[in-house]
Structures are given as C-alpha cells and as structure tokens.
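**Q** Input: one structure, supplied below.
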Amino acid sequence: MGDVGLSDIAKEANLTLADLRREFVCKNEILRAFQAEVDAQVLARLKPGGPDDSVRDQVFESLMTRFEVMAPHKEALKRIAAYLRCRPGEAALFVCSRLVTQYWTLAGTGAKLDGPAALVRVAGLSAVYGKAFSVWLEDDSPSLDKTMATLDRGLTNGERGMQSLEKVCETVCGVVRGLKRNFTRKDQPDDKPSTGPMPSSA
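Sequential numbering of the sequence shown, starting at 55, is according to this note's numbering.
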C-alpha cells in the first residue's frame, strides 16, 4: 500500500484521479470496498445447506469460497498484509470491517446472531479466519491443504469454546434469575390478614 499511490490505482483501474476521488476518500476506503465486494461474491456463490450440513460445515465452505474469490488478487493481498504488519495503527482501522465480513459469513450460513453470544461468535470467527488467511497467503499448493487444515482446526476449537461459553452463560443466567426471584419475593408486602384479637368497639 505504501509504495502504491492513488494515481497508480486510478491508472490501473482506467480512471482519472478525479473519478477515483468521487468514489473513495483514501486508500483504506478502497480496501474496505474490496472486502465488501468479496463478501458479496461469496454470498452469491453460497448454496443453501442441506439437512445434514452443520453451521460449522457451511462456515468452512464459505471461508474456502472466500479464498477462491480472492485467489486472483493473492500477490497484491500478500503485499498489503506485509505492509499492515509493520503498521499496527493502520491495521487497526480494518478491525471493524473484518468483523462485518465475519458477521455476513455467519449470516449466510443461518447461524444465530442474536443474544450476547453473537459478538463472541463474530470475534472468534474473525480470529480463526485471520490465522487461516495468513497461512493461505503462503500456501501455494493447488489443494490448499495447509489452509484447510488450519481452518478446520480453528473452527473445531472455536466450536468447543463456544459450547463451553454457552454453558457458562446458561449457568450465570440461571443464578441471576434465581436471585431476581428471591429479591422480588422479599420486596412484596405481606398481605396476609392479622390473626390476632379484634379491638372491641367502644
């Protein structure tokens, strides 16, 4: 990214610099637009999962499809990744767009995206994808064996972690509900009629 100027990008895209400015504010925005376009192409290629396909299997297929879509741009992505590794401040600007990408990955597979665990799922998948992406950049085999193994291992570990987290959440929520019921009962006034002697009338 650092050695490629906006004029270089405009020339490669057969645009004037003025046309490029009408569409984008900066190079980072161009990269985010590329991410969004890859998202759309992956979603367009996804096939509905069958009754025997788990969400995990569909996520695996979706991310491998993503690598397939990005394959023609692999060398450019390798240079961009190397540039951002040396500039964590700039890399941090893409955290949100990376989370958005994995949100759409999960949405495309029908995964649950409601409740407090949704953000954990998205963040966890982003970490798994980030590791697989780094391996993919250096994986030149046609079958992408190393990439698939890394992705498979990451999804398996992530699935186990989510199951453990969901159990913890269920336990904590159960305790909170129990405490809430106890506090509610203590706050209710005692409406039982008095059983003592009635005062005599004068």
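Glycine included, every Cβ here is placed at the ideal spot set by N, Cα and C.
1) Spatial neighbours of residue 210 within its chain, please: CB distance less than 7 Å, with the 5 preceding and 5 following residues excluded, ordered by chain position.
2) What does the alpha-carbon distance come out to for the pair residue 203 and residue 117?
3) For residue 124 and residue 156, I'd like the C-alpha separation in whole angstroms.
4) Report the three-state DSSP secondary structure of residue 111 (helix, strand or coil).
5) Buried or exposed for residue 93, please, with buried defined as at least 16 other CB atoms from any protein chain shown within 10 angstroms of its CB.
6) Rounded to whole angstroms, what's the CA-CA distance from residue 161 to residue 194? Just pull it up for me.
7) Are the CB atoms of residue 198 and residue 131 nearer to each other than 8 Å?
8) If you compare alpha carbons, which of 89, 134, 86 is closest to residue 58?
**A** On the basis of the coordinates in this document:
1) One-based indexing of the sequence shown puts residue 210 at position 156. So no residue of the chain qualifies.
2) Within the sequence shown, numbered from 1, the residue matching residue 203 stands at position 149. Within the sequence shown, numbered from 1, the residue matching residue 117 stands at position 63. Between residue 203 and residue 117, the C-alpha separation is close to 13 Å.
3) As a first step, residue 124 must be located in the sequence shown, where it is residue number 70. As a first step, residue 156 must be located in the sequence shown, where it is residue number 102. Going by the C-alpha atoms only, they are around 15 Å apart.
4) Looking up residue 111 in the sequence shown gives position 57. If DSSP states are grouped into helix, strand and coil, residue 111 belongs with the helices.
5) Taking the sequence shown and counting its residues from 1, the one referred to as residue 93 is at position 39. Result: buried.
6) Here residue 161 refers to the residue found at position 107 of the sequence shown. Here residue 194 refers to the residue found at position 140 of the sequence shown. If you take the alpha carbons of residue 161 and residue 194, they lie about 30 Å apart.
7) Walking along the sequence shown from the start, residue 198 turns up at place 144. Walking along the sequence shown from the start, residue 131 turns up at place 77. Against a cut-off of 8 Å, the Cβ pair of residue 131 and residue 198 comes out as no contact.
8) Taking the sequence shown and counting its residues from 1, one reaches residue 58 at position 4. When only C-alpha atoms are compared, the closest one is 134.
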